[in-house]
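The sequence shown begins at 21 in our numbering and counts up one residue at a time. Cβ coordinates follow ideal geometry from the N, Cα and C atoms, glycine included. Keep in mind the model is a prediction, meaning the values are calculated, not measured. Right, one structure below, let's go through it.
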Amino acid sequence: MDESRALRRAGWAGAASLVLLVAAVALGYLVGVDDPSMSDSDILERLNDNGRQTAAGFAPPVLAAGVALLLWFAAGLRRVLDRLSGGDPLTHVIVPAAAMFGGLMITGVSLDLGSAFAAWSAEFTPDPNTVRALGMAGQILALTGLIGCGVIVAVTTRITRQAGVLPTWATWASYAVVLLCLSGFWSGGIASVAFGLWLIGAVVGVLRAARNAAPTPIIPTQAGPAPEAASTPPTATDN
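So, in structure tokens, the structure goes:
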């Protein structure tokens, strides 16, 4: 596969990952508890609603697919940054940072949805305080995962700025996203929205890089004529 096609697919994977991640969070919100001030009756109603439980059941697989596509995009972004920087070692943190975000996100959402899934069983009696504690634990883990997003943004901004392909206003905006991601516990949903908007810009950048990338030339291998056997000059004989 040539470079252009690989980057194009990675770019579209990043766009699809954003859609799936938003869908997973929306599905999980149907039964999740991210507000400790929610009344006990509201919590129990959400947990025992079969329709909400069924919809939330799609959240984990959708989230896993979104994280997988995000890792694909991160690999493509790393290739673009590696080419811009001439092999800067910092590019190698892009994929691990995305994996950190995805792993903590999946763990956090699983904790938040665990009480709702357990409510399907007649052996489990939901306790609002336990649900609140699990919901808050899941939220803390998910927001901690935004640190990985901050690393991705910071490394990308540094390399693209040094390469002279990122305007000044975009540089400052990107560093603002980094600060929001690093303080995700206090900024809450604002950091998630900011990273989502930055991800859209990064997808556009990777797709542009794919358009400008020259396809890998294919050199045909043809069997040439067999080399002529070296002839041995005749030796002179005495008459």
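Open item on the list: Please classify ASP55 as buried or exposed, where buried requires at least 16 neighbouring CB atoms within 10 angstroms.
Closed with: Per the 10 Å Cβ criterion, exposed.
Task: Element boundaries [alpha helix (DSSP H), containing PRO2] - done: The structure shown does not extend to residue 2, since the chain is modelled only from 21 through 259, so no value can be given for it.
Open item on the list: For GLU65, report the span of its alpha helix (DSSP H) as first-last.
Closed with: 60–67
TODO: Report the option in GLY31, ALA211 and MET58 whose CA atom is closest to the CA atom of THR164.
DONE: ALA211
TODO: Run through the segment 141–219 for me and flag every whole alpha helix (DSSP H) of 4 or more residues, listed as ranges in chain order.
DONE: 148–164, 166–182, 188–202 and 204–207
Task: Among ILE172, LEU64 and LEU50, nearest to ALA119 - alpha-carbon criterion - done: ILE172
Task: Span of the alpha helix (DSSP H) around LEU27 - done: 23–49
TODO: Kindly indicate which residue of ARG98, ALA88 and ALA162 has the alpha-carbon position closest to the one of LEU27.
DONE: ARG98
Open item on the list: Please state whether the Cβ-Cβ distance between GLY155 and GLY52 is less than 7 Å.
Closed with: yes
- [ ] Could you tell me whether the Cβ atoms of ALA36 and LEU91 are closer together than 7 Å?
- [x] Contact: no.
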